[in-house]
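Heads up: the structure comes next, in structure tokens.
Protein chains in written order, with our numbering: chain F, 12 to 131; chain V, 323 to 566.
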């Protein structure tokens, strides 16, 4: 387990160093993720020991947002002032995103494969 | 010497207050409780474990009069692991990429158009409804998976705590309406429904897609990963050119 964890932390550090060193707009951990995808493509997969640590971390990923999410308690006044506007933006923008993504892919698959069901 | 009272309640209280892992334990405990509630209610969307944990912990902190900073300094071990877990997202992204190679081009085009529609609609609607600048920035990455969205929000001058909650609510709302909404517009294939769920509603949407079929789930997982990448690469650019 320690091997896999160390492996991930090295990619995380690499991402952090590159992000800050080159003043990239991409956050360090995200850059680390992209580097690890590139590594997996080159190596045609990742070591089993790394894979096991990844699935362990991802299994409890939701728990890891909680400490930051509790910070909402500091935003009371903001929520009172802009809460309804926030809700409207959230609802409408999510509907638009779903429809645009779904309809675009639907049209593209139709054009290539008149019966798109062959892939399901 | 007197052994009359071996239970020194004051010392015990002090130990609880100063132990750095008290809030770590409370966070983990609340999360386990929330997960159990979620399973008991057969995954009722609004009882998402993250939301329930946050509500429980805020209530406990308010009740005990503990400021957020003291809580966070105790619970931050979990927060630190978030960066490492973000790197771990590479593995499912790579696996899903392998599975759908044949359709890569249409998927990439739909990703580009759908992902940009998500960010631009948030910016335009945010302006229309008069959101303040920091709130607006917090909303732009709302469709991507929480760790990436929080990192992006922080990087761009938003409020990561707000982003975390907005992202989860977006996921819940998207997962609830996706199938009826898309079916209404004639989008009925597993592939397109799954992909739209992944683009708009990240991990919560992917879990919903898994219920449709494993195919829908795989396309949702891929869409979620790719949209995280697209949003990371374009968000700063978009904000730079957006008339504030």
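Note that beta-carbon positions come from the ideal geometry of N, C-alpha and C, so glycine has one too.
When we look at the beta-carbon of residue i and count the other beta-carbons within 10 Å, is it buried (16 or more) or exposed?
i	result
residue 17 of chain F	exposed
residue 393 of chain V	buried
residue 335 of chain V	exposed
residue 363 of chain V	exposed
residue 127 of chain F	Confidence at residue 127 of chain F is low in this model, with a pLDDT of 47, below 50, so the placement of that residue should be treated as unreliable; the coordinate-derived value is given next. Buried, because 16 or more other Cβ atoms sit within 10 Å of the Cβ of residue 127 of chain F.
residue 129 of chain F	Residue confidence is low: residue 129 of chain F scores 46 on pLDDT, short of 50, so the model does not pin down where it sits. Its coordinate-derived value is still stated next. Answer is exposed; the Cβ neighbour count stays below 16.
residue 463 of chain V	buried
residue 53 of chain F	exposed
residue 386 of chain V	exposed
residue 104 of chain F	buried
residue 81 of chain F	buried
residue 114 of chain F	buried
residue 562 of chain V	exposed
residue 505 of chain V	exposed
residue 461 of chain V	buried
residue 331 of chain V	exposed
residue 61 of chain F	buried
residue 34 of chain F	exposed
Taking 9 Å as the threshold (beta carbon to beta carbon), is residue i in contact with chain B?
i	result
residue 38 of chain F	Here the protein chains are F and V, and chain B is not one of them.
Where does residue i sit, in a helix, a strand or coil, going by DSSP?
i	result
residue 341 of chain V	coil
residue 408 of chain V	helix
residue 133 of chain F	Not covered by the structure: residue 133 of chain F. The range shown for chain F is 12 to 131.
residue 525 of chain V	helix
residue 511 of chain V	coil
residue 128 of chain F	Residue confidence is low: residue 128 of chain F scores 49 on pLDDT, short of 50, so the model does not pin down where it sits. No coordinate-derived value is stated.
residue 12 of chain F	coil
residue 452 of chain V	coil
residue 471 of chain V	helix
residue 433 of chain V	helix
residue 493 of chain V	helix
residue 55 of chain F	coil
residue 360 of chain V	helix
residue 92 of chain F	helix
residue 428 of chain V	helix
residue 101 of chain F	helix
residue 478 of chain V	coil
residue 145 of chain F	No answer is possible for residue 145 of chain F: it lies beyond the span of chain F, which begins at 12 and ends at 131.
residue 366 of chain V	coil
residue 465 of chain V	coil
Less than 9 Å between the beta carbons of residue i and residue j, yes or no?
i	j	result
residue 38 of chain F	residue 406 of chain V	no
residue 112 of chain F	residue 521 of chain V	yes
residue 467 of chain V	residue 546 of chain V	yes
residue 346 of chain V	residue 404 of chain V	no
residue 369 of chain V	residue 381 of chain V	no
residue 433 of chain V	residue 548 of chain V	yes
residue 47 of chain F	residue 19 of chain F	yes
residue 116 of chain F	residue 513 of chain V	yes
residue 526 of chain V	residue 490 of chain V	yes
residue 15 of chain F	residue 45 of chain F	no
residue 440 of chain V	residue 553 of chain V	yes
residue 107 of chain F	residue 499 of chain V	no
residue 97 of chain F	residue 383 of chain V	no
residue 507 of chain V	residue 56 of chain F	no
residue 544 of chain V	residue 413 of chain V	no
Relative to chain F, which residues along the segment 385-403 of chain V have a C-beta separation below 8 Å, given in chain order? 390, 393, 394, 397, 398, 400, 401, 403
Proximal residues, the segment 363-386 of chain V versus chain F, C-beta separation under 9 Å: 370, 371, 372, 373, 375, 376, 379, 380, 383, 384
Between the segment 498-523 of chain V and chain F, which residues of the former have CB atoms less than 8 Å from a CB of the latter, in chain order? 499, 500, 503, 504, 507, 508, 509, 511, 512, 513, 514, 515, 517, 518, 519, 521, 522, 523
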